[in-house]
Amino acid sequence: MTSGQVICLAIFIVTYVAIIAFHRYKFLIASAAVGLILLFGILAPIKILQYINWNILGIFWGSLVVAELFIHSRIPAYIAEITIDRSKNLVWAIIWLSAFSGIISAFVENVATVLIVAPIAFEVSRKLKVSPVPFILGICLSSNLQGTATLVGDPPSMILASYTRMTFNDFFIFQGRPSLFFAVEFAAVVSLIVLYFLNRKYREPIQPITPEKIVSLFPGLLLIGLILALAIASFSGGFMDYLGGLVCLVFGIIGIIWSCFTTKVKTFHALKDMDWETLFFLAAIFVIIGSLTETETTAFLAKTVGKLTSGNLLVTYVVLVVFSVFISAFVDNVPYFTAMAGIIPMLASSYGYPVYLLLFGTIIGTTIGGNITPIGASANIVAVGLLKKQGHEISFSQFARVGLPFTIFAVFAGALFIWVFWS
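So for the sequence shown, full-length UniProt numbering puts the first residue at 1; every next one is plus one.
Here's what the structure looks like:
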């Protein structure tokens, strides 16, 4: 290794360890790493701007604005409450609410999904005088699972798209084969069966809930319009150059302008609740991974992984999936998958492996693996915090008793689906 590679790898490792240890300050840590990269001359300032994927940041920001307006419109809460009223008993209410949160999470950020659906779960549990824990766990686990189903569901999906130039439509059918959406949905069906089994003792009948009033239908129409626009834009060759981000920016700006001229949804509250930290954190991570690429450290890491797996495709695939699950149980999946998305194409090229098989398997393990522990994903942290506010403390082991079987079966189903269609 060259001195530049050693310095770059040292910054990378220290940064990731610090993010694990001090997750609350992840943006400050990543920013400090960018400062060190500049200080050591690994990247010139102009190169930093080049390595930031502005298209992905545009997709993230625009979809985040629309999602926040959608939350404040109360449309998701209304739909969830109607769904609950049609449940036969408590266990089916848990299943339907979990499934609903998964559907929402395919198009809305995971933390936002938990914040949308959690109040309904608390209301149901209060009326039935039962613990809200099984509801909230089902909601956060399902939201994490479904985030990878579409391009706009979660940052790792956007990162995958930036490295592979996949469009919105490619998440459904890609190269004539079923893509990530169907792998995730297959895993979701299996995971709901697991949730039913784990919660089968809850047989209490459901009492009617008075549905909330919808504040405005416009954010819902805006979200539908954004999804359709992204689907249409997917047919353009420039989707992953600029068009996807531009489409999301336009819809986000339309949403802000609309909210400024109506009292139905407060612009300030919607913008304040947005995940600004993740937006800037993403930009910093792009620079850190860019430094690995610039110094050819990713090529070195790819060769190392290949040697460890003896050049066997199945062994490599299983190792990547299992390792991703383990790491994501404790590490933020954004920096981890960004690093892997840079390493895997080089690994595939060196050994003649199908690159999409390894990328898809890794993202399945990465996004679902966060469900094992209460610190494995931001949505889990928020869910545990909401339970604590309601007077329900949940321990690490309590969370893992549900999260571990959910993750094992969901990852196995999703990874098996990917192997069958992409090996």
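Don't be surprised by glycine CBs; every beta carbon is placed ideally from N, CA and C.
Owing to the predicted nature of the structure, the values given are computational and were not obtained by experimental measurement.
Looking at C-alpha atoms only, which residue of the options is the closest neighbour of residue i?
i	options	result
R165	L223, V321, A233, V322	A233
L90	T113, L195, N169, L57	L195
I372	K127, L145, N110, A21	L145
E68	V111, I94, L97, I84	V111
I159	F281, V133, H23, K26	F281
L128	N312, F168, P205	P205
residue 499	T278, E296, G138, S328	No answer is possible for residue 499: the residues shown for the chain start at 1 and end at 423.
L313	G365, I79, Y356	Y356
P219	A231, T262, Y336, F323	T262
G153	I56, L97, K26	I56
V411	L387, S395, T367	T367
P156	F399, G365, G403, S101	G365
K47	F286, G102, A229	F286
K213	P76, S395, G244	P76
A106	E393, F182, I94, A383	F182
G391	V133, S31, A30	V133
I418	V384, M340, R177	R177
T150	I94, F168, E123	F168
I344	W54, I139, S143, G361	G361
G403	I139, S162, L358, S349	I139
I363	S328, L347, L9, T295	S328
A99	A18, G41, I193	I193
V124	P354, A93, A283, V6	A93
I381	A161, L301, V114	V114
A348	A283, N333, R24, T316	T316
residue 459	L97, A161, L180, T2	Since the first residue of the chain shown is 1 and the last is 423, residue 459 is not available in this structure.
R200	I95, F22, S3, S131	I95
V6	N53, I37, I52, S191	I37
M1	F399, L301, F174	L301
Y242	A33, W54, A18, V384	W54
A400	K388, A415, V384	V384
Which first and last residues belong to the alpha helix (DSSP H) in which residue i is found?
i	result
G245	244-260
P374	Segment: none, P374 is in no alpha helix (DSSP H) and carries neither H nor E.
F135	133-146
D85	75-85
K127	110-128
A188	180-198
M340	333-351
P354	Where P354 is concerned, there is no enclosing alpha helix (DSSP H), given that its DSSP letter is neither H nor E.
T309	Per DSSP, T309 belongs to no alpha helix (DSSP H) and is neither H nor E.
F281	276-294
V91	90-105
Y51	45-51
V17	3-21
P156	155-164
E68	54-72
G414	396-422
I206	Premise fails: I206 is in no alpha helix (DSSP H) and is neither H nor E.
I29	26-39
F218	218-233
K388	378-389
If contacts are defined as beta-carbon pairs under 8 Å, then residue i and residue j qualify, I think. What distance do you get, rounded to the angstrom?
i	j	result
A121	I104	In fact, because the Cβ distance is near 13 Å, the residues do not count as touching under 8 Å.
L141	F406	5 Å
residue 453	V215	There is no way to answer for residue 453, as the model of the chain reaches only from 1 to 423.
F186	A413	5 Å
G370	I289	That belief does not hold up - the Cβ atoms of G370 and I289 are roughly 19 Å apart, past 8 Å.
M346	A299	5 Å
I42	E294	7 Å
C8	L358	Contact flag wrong, Cβ pair sits at about 23 Å.
V130	Y202	7 Å
I108	F70	Strictly speaking, residue 108 in this sequence is Val, with Ile absent from that position. Between F70 and V108 the Cβ distance is about 7 Å, and since that is below 8 Å, they are a contact.
A44	G102	Wrong, their Cβ atoms sit about 44 Å apart, outside the cutoff.
I'd like to know if the stretch 62-77 and the stretch 304-312 are in contact, where contact means that at least 3 CB-CB pairs between them fall below 8 Å. Verdict: no, contact absent.
Check whether the stretch 6-15 touches the stretch 245-260, taking contact to mean three or more Cβ pairs, one atom from each stretch, closer than 8 Å. Between the stretch 6-15 and the stretch 245-260 there are fewer than three inter-stretch CB-CB distances shorter than 8 Å, so the stretches are not counted as touching.
Three Cβ pairs or more, each shorter than 8 Å: is that satisfied between the stretch 396-412 and the stretch 373-385? When Cβ pairs closer than 8 Å are counted between the two stretches, the stretch 396-412 is seen to touch the stretch 373-385, the count reaching three or more.
Taking 8 Å as the cut-off, does the stretch 217-233 touch the stretch 244-253 (at least 3 CB pairs, one atom from each stretch)? Verdict: yes, contact present.
Three Cβ pairs or more, each shorter than 8 Å: is that satisfied between the stretch 317-326 and the stretch 77-86? No, the stretch 317-326 does not touch the stretch 77-86.
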